[in-house]
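Engineer:
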Amino acid sequence: MVHPSSTCCKTSGDGNCVCAAQAKCSCGKENALHCTCNKASTENTVAGARCSCRARPAGECTCERAASENHPVRGETCPCGKRSSSSCTCEKGRAVDEAVGQLETDFTTRA
């Protein structure tokens, strides 16, 4: 599957999205959405606009796109105002999450 650059960093050799694998919780110890520190209650859920990896809130990206994502948006914004209109993640979050969930392979759990 080809991932648009607005929703994925595409750095793996086979074109798979690796942003979410790079994203960490704010303590830096665990993968995003799998935090075990004292911030777990707020870190393990994300609502509203998200960064490109979809694992962190917009403006709080921790993957390699952090430098380009963690700044105020200039120009036309999406309805929530947190991302540019060309890469909006606020109003279509549920549909994108469902699609990503069907494509994603979880290698972090044991069978």
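Quick note on full-length UniProt numbering: the sequence shown kicks off at 1 and runs consecutively. All C-beta atoms, glycine included, are put in the ideal place defined by N, C-alpha and C.
#1: Ala-55 and Leu-33: beta carbons closer than 8 Å?
#2: Using CA coordinates, which residue listed in Gly-75, Thr-36, Gly-59 is at the minimum distance from Thr-89?
#3: Starting from the C-beta of Cys-80, find all residues in its chain whose C-beta is less than 7 Å away, skip the five residues before and the five after it, and write them out in chain order.
#4: Taking the CB atoms as reference points, tell me whether Asn-31 and Ala-40 lie closer together than 8 Å.
#5: Assign Thr-109 to one of three DSSP states: helix, strand, or coil.
Structural biologist: This is what the structure holds:
#1: yes
#2: Thr-89 has its Cα closest to that of Gly-59, out of Gly-75, Thr-36, Gly-59.
#3: Around Cys-80: Gly-48, Ala-49, Cys-90.
#4: no
#5: coil
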